[in-house]
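Written out below as structure tokens is the structure these notes cover.
Protein chains in written order, with the numbering used here: chain A, 1 to 305; chain B, 306 to 610; chain C, 611 to 915.
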């Protein structure tokens, strides 16, 4: 099944079968890399990374994924590329297609990749398109839940923070709908779940509840998925910072009420949603989550090439 | 002959003999890369890429050329380098000379490389200097004509668009003067061929004619060389966009009057001079032209190292 | 001794013993690289380069050092990384820690690395922190004196120019205090040696004298260490450019009074402190100094990995 994928554009391309195959390959790569440091699967191949928005983790993990698979990277961004001269994303991709064997794209333009995939001959991986999708993040998130808890089924997943604009959240909810999951959503009105996603959940008959404080859900939660709150999203609106912090930020005090095997996740970068004194808590899985991104992205590249 | 080159600064360094050798090597590299993916000619060598202006294709093709020859790339630009601290191009090159085996330079400073080549111990390749020259583009252009038509002689080459500021055009006309070629130039008054190039053509006794619309030359043309029209070049002048489009833009309608084996070229990036619905026309050679850039640049690096 | 280092943050970590070991390894690497071009000591390793300020030489030499040791580089800067999204340097380093085996950092934030080194599991090399320290520059400076003169002892070292803000100067003076050296300092009032360094010298009982013109010290100097004068440092102050030039700039005329084996050094980039017509003087060691940076940085990476 998994071998039928020729691009990775959105999470609707994934189902239980190709997810199982992908995660098995991610695990195998994890073991091999820890043992050997570097493989030679991509020997002689060039992977294009085109990022027109900044990113440390996504860029860094794709870059290292290619290197650890033995390939080379051509990096272009909107500053160094001819985008500055008015070139369209299509023409930039025709250039990358000429010189590369696969391209990873982060773009501020939502949904642009759906249209482009049929026109470009090399595989495309969507590394985040505007406030659209961020499928590889969702894939590494689910892989992390599987690694931390052994299974993705019969869990209560609570997602906290920016449910409206966060592309990670949109992708994650859709991907988790492949499993037997129930959701808690914790947010403030201005950042609550978008209509589209609500319709998706109701169409699929998936259990979910909405809350306004992290305290309401902390005791029953299996996976606590924190997200970054971008103050600039609230621009012009009357926001009460204290209110946001009290309800949507994780502190050690709140954590005392959590399960011992609860998994704390965050796609990073964080602002202040998770205090750094929590970093050493064994339940803090966000740095392991970041590492898992490397193996899942290696597995995706291997799959498409 | 070709082996006498120690830098590639402008097209006047090339003649029929070293062009023949260069293109033969480019063809051999093309075959070898398509067969093996990667060579090890540059093993242990570092090539410096110093670009103080953005570029996708030229940067990308040089980068991939080095990688496919088995070498490593050190990329510097004016943002990340000490140019920001007032360092001269000479001193930046002394730095690159210390760490690299060859340097490829794109700079906004016209003619600066002529002067620098004698002071720098490693080979320099000019990847475009201001509105001066862009010799590697002209070389890949001529190589492409040769690949598409089997010969560069006895052809009618029509160059359309910005003949005044386009460094590509200046280099290409001079390089093609090594062959038995006649030119058509199609432009508007504000962008017509510069005095220098006109004097060059007349000194060499090369046949050329000037026109104001692409329709005037489409039936007899063997190679149609389109160029990008930068609206900002026309700043402050009374321009009629519609007039430019009707006379200097290629459409499918115009193409119906062209020869079946006409070669459509463009150095890219394009703005709107060539409609994307022409991309699938078999005569559209601009993406193959871009690919040829890889092999010609590999051959140049191999020649100089 | 040298093997006890787990980070390179400031020059106080170095003493005669680990300096001797480091310089011996630097010499060996110099020979091996000149013979073989490339080694495979870092095979399968990824070195992170995080530079939030521009730099040609330091960035370039670290980059090439990694490549010549057979490793791969992940480059991030504040433009391309999530620093743009408000991420702290700590969190950015946690990301680099996940994907890399060692990180080289240049940051505008003075003293930030002291605090971070205990929280990051991979080795850190300080490549310049604000106007704090620049230890690898000082190490390559001392290595260069040793290479040029055979010894670092019993020399008169004169440092010219910006003694107040230059982090290179601060690190170099401290590192040279391990040897039997006497100092001349030549500057103008606005740029004279900072209180901290004066206290350091007096605490260590090291001989030094201050002067206002390069002419005062040229005849007795063994090592002439020129530094860049950043006009913007003098912002708002009444400066007399002519006065600076006459007293702090090196010219061929001044050089006629210098010893035949005097060593002229500069950390580069330079502005106008050393006229380029001096570049070919055999005493001009600044380009060799730059090359030595490669070997010292290779030795440091090898030591920490």
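Ideal placement from N, C-alpha and C gives every residue a C-beta, glycine not left out.
- request: Please check if any C-beta of chain C sits within less than 8 Å of the C-beta of residue 418 of chain B.
  value: no
query: Closer than 8 Å, Cβ to any Cβ of chain C: which residues of the segment 370-381 of chain B, in chain order?
result: So the list reads 377, 379 and 381, given in the order they occur along the chain.
message: Quick check: what's the CA-CA separation for residue 430 of chain B versus residue 871 of chain C?
response: Rounded to whole angstroms, the gap between the alpha carbons of residue 430 of chain B and residue 871 of chain C is 37 Å.
task: Specify the secondary structure class of residue 532 of chain B as computed by DSSP and reduced to three states.
output: coil
- prompt: Under three-state DSSP, which class holds residue 11 of chain A?
  reply: Helix, per DSSP.
Contact the segment 349-365 of chain B vs the segment 468-486 of chain B: 3+ CB pairs below 8 Å: no
- request: Would you mind reading off the limits of the beta strand (DSSP E) that contains residue 432 of chain B?
  value: 429-434
- request: Tell me, please, whether the CB atom of residue 331 of chain B is closer than 8 Å to any CB atom in chain A?
  value: no
- prompt: Mind pulling the chain A residues with CB within less than 7 Å of residue 601 of chain C?
  reply: Outside the displayed span of chain C (611 to 915) sits residue 601 of chain C, for which this structure offers no information.
query: If residue 521 of chain B sits next to residue 568 of chain B, beta carbons under 8 Å apart, how far is it from one beta carbon to the other, in whole angstroms?
result: Residue 521 of chain B to residue 568 of chain B, Cβ: 19 Å. No contact.
query: Secondary structure at residue 1 of chain A, three-state DSSP: helix, strand or coil?
result: With a pLDDT of 42 at residue 1 of chain A, under the threshold of 50, the modelled position of this residue cannot be trusted, and the question is left open.
task: Specify whether the segment 407-423 of chain B and the segment 692-711 of chain C touch according to this definition: at least 3 beta carbon pairs, one from each stretch, less than 8 Å apart.
output: Judged by Cβ distances under 8 Å, the segment 407-423 of chain B makes no contact with the segment 692-711 of chain C, as fewer than three pairs qualify.
task: Using a Cβ cut-off of 8 Å (strictly closer), state whether residue 910 of chain C contacts chain B.
output: So no, residue 910 of chain C is outside the interface.
- prompt: Between which two residues does the beta strand (DSSP E) carrying residue 658 of chain C extend?
  reply: 656-661
task: Identify whether residue 159 of chain A lies in helix, strand or coil by the three-state DSSP scheme.
output: strand
query: Are residue 836 of chain C and residue 883 of chain C touching if we call contact CB-CB under 8 Å?
result: yes
- request: Taking 8 Å as the threshold, find out whether the segment 91-101 of chain A comes into contact with the segment 548-563 of chain B through three or more Cβ pairs.
  value: no
- prompt: How long is the line joining the alpha carbons of residue 294 of chain A and residue 892 of chain C, rounded to whole angstroms?
  reply: 51 Å
- request: Rounded to whole angstroms, what's the CA-CA distance from residue 608 of chain B to residue 509 of chain B? Just pull it up for me.
  value: 29 Å
- prompt: Taking Cβ to Cβ, would you say residue 686 of chain C is nearer than 8 Å to residue 656 of chain C?
  reply: no
query: If we cut at 8 Å on Cβ distances, does residue 616 of chain B have a partner in chain A?
result: In the structure as shown, chain B begins at 306 and stops at 610. Residue 616 of chain B is therefore absent and cannot be evaluated.
query: Nearest chain B C-beta to residue 107 of chain A closer than 8 Å, yes or no?
result: Residue 107 of chain A does not count as touching chain B.
Partners in chain C for residue 384 of chain B, counting only beta-carbon separations shorter than 7 Å: 664
message: Helix, strand or coil for residue 570 of chain B? Go by DSSP, reduced to three states.
response: strand
field: Test item: CB-CB of residue 468 of chain B and residue 490 of chain B under 8 Å
entry: yes
message: At the level of alpha carbons, what is the spacing between residue 889 of chain C and residue 839 of chain C?
response: 19 Å
- prompt: Do you know whose CA, among B:481, B:424, B:411 and B:331, lies nearest residue 320 of chain B's CA?
  reply: B:481
- prompt: Which residues share a DSSP beta bridge with residue 716 of chain C?
  reply: C:661
- prompt: Over what stretch of residues does the beta strand (DSSP E) that includes residue 687 of chain C continue unbroken?
  reply: 682-687
- request: Determine the DSSP secondary structure at residue 181 of chain A, reduced to helix, strand or coil.
  value: DSSP, read as helix, strand or coil, puts residue 181 of chain A in strand.
- request: Evaluate residue 34 of chain A with the Cβ neighbour count: other Cβ atoms within 10 Å of its Cβ, from every protein chain shown; 16 or more gives buried, anything less gives exposed.
  value: exposed
Beta-carbon contacts of residue 611 of chain C that lie in its chain and below 6 Å, excluding the five residues immediately before and after: Residue placement at residue 611 of chain C cannot be trusted, given a pLDDT of 42 that sits under 50; what the coordinates show is reported in the next sentence. Closer than 6 Å at the Cβ level, and outside the excluded window around residue 611 of chain C, lie 627 and 628.
query: What's the call for residue 681 of chain C, buried or exposed, on a 16-neighbour Cβ count within 10 Å?
result: buried
Alpha-carbon to alpha-carbon, residue 601 of chain B and residue 444 of chain B: 7 Å
- prompt: Going by DSSP, which residues form a beta bridge with residue 272 of chain A?
  reply: Paired residues: none, contrary to the question.
For residue 424 of chain B, the nearest candidate out of B:558, B:395 and B:383 (CA to CA): B:395
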